[in-house]
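Enquirer: If you read the sequence shown in UniProt numbering, its first letter stands for residue 1, the second for the next number, and so on.
Each residue gets a CB set at the ideal place from its N, CA and C atoms; glycine is no exception.
The model shown is predicted, which means the values in this text are computed figures rather than measured ones.
I have a structure here, written as structure tokens, and I will follow up with some questions on it.
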Amino acid sequence: MAVANSSPVNPVVFFDVSIGGQEVGRMKIELFADVVPKTAENFRQFCTGEFRKDGVPIGYKGNGTGVASIYRGPFADENFKLRHSAPGLLSMANSGPSTNGCQFFITCSKCDWLDGKHVVFGKIIDGLLVMRKIEVSPKGKWCPVIQTPLGKGREVK
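This is the structure in structure tokens:
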């Protein structure tokens, strides 16, 4: 199924993104809780800092490694109903079937070879230009040099 129109029941989160220490803008992301509720909730809690480990909020920051999830470890692929059909889609990175955690990627174009392997769980609804800036940013050891410190991701109420 191609990505559907926005649903008013889906949560929206945002990241304020910096590249190389310079702010480049905000990305607002709709999470597809109506299609993949567990995956969307995992991402939402990492964005807001609600998820805590040993009392410390865990969120999206650092070098992008790890397999943490709000489910206390890798979790199963919820479904593959949505396709990687356009730029600006968020999808779970994994190391094989049912190994989802906290890692994700954003598509920069149609990526149909990922269908059936990675769960699509959201889309950028505002800030595609920020995504393009990330796409062309200088590369570091792991990925583009992007800093999104904890507290810079929030849910839009």
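1) DSSP three-state label for Q45, please.
2) Which ranges does the alpha helix (DSSP H) cover as unbroken runs of at least 4 residues, wholly within the UniProt domain "PPIase cyclophilin-type" (14–135), from first to last along the chain?
3) For G122, count the other beta carbons within 10 Å of its own beta carbon; 16 or more makes it buried, fewer makes it exposed. Which is it?
4) Under 8 Å Cβ to Cβ from D34, same chain only, skipping five residues before and after it: list those, please.
5) Roughly how many angstroms separate the alpha carbons of W113 and S85, rounded to a whole number?
6) For N79, count neighbouring C-beta atoms within 10 Å of its own C-beta (all shown protein chains included) and say buried if the count is 16 or more, exposed if not.
7) Closest to R44 by CA distance: which of G96, G101, N94, K110 is it?
8) Could you check what DSSP says for D9 in three-state terms: helix, strand or coil?
9) So, for C111: in the same chain, excluding its five sequence neighbours on each side, which residues have a beta-carbon less than 6 Å away from its beta-carbon?
10) Below 6 Å CB to CB, which residues in the same chain sit around V130 once its five sequence neighbours on both sides are set aside?
Expert: Put simply:
1) Start at 1 with the first residue of the sequence shown, and residue 45 comes out as number 45. The answer is helix: DSSP assigns Q45 an H, G or I state.
2) Counting only runs of 4 or more, we get 37–48, 128–135.
3) Taking the first residue of the sequence shown as 1, we reach residue 122 at position 122. That one is buried.
4) Against the sequence shown, residue 34 aligns to sequence position 34. Excluding residues within five positions, the ones whose Cβ falls inside 8 Å are S7, V9, N10.
5) Taking the sequence shown and counting its residues from 1, one reaches residue 113 at position 113. Taking the sequence shown and counting its residues from 1, one reaches residue 85 at position 85. Roughly 10 Å separates the two Cα atoms.
6) Numbered from 1 along the sequence shown, position 79 holds the residue referred to as residue 79. In this structure N79 is exposed. Its beta-carbon is surrounded by fewer than 16 other beta-carbon atoms within 10 angstroms.
7) For the purposes of this step, residue 44 is taken as residue 44 along the sequence shown, with counting starting at 1. Looking at the Cα atoms, G101 is the closest of the given residues.
8) Numbered from its first residue, the sequence shown carries residue 9 at position 9. In the sequence under discussion, the amino acid at residue 9 is Val, which differs from the Asp named in the question. Three-state result, V9: coil.
9) As a working mapping, residue 111 is identified with position 111 in the sequence shown. H84, listed in sequence order.
10) Indexing the sequence shown from 1 puts residue 130 at position 130. Take V130, set aside five residues on each side of it, and the residues of its chain with a beta-carbon closer than 6 Å to its own are V17, V24, G25, M27, in chain order.
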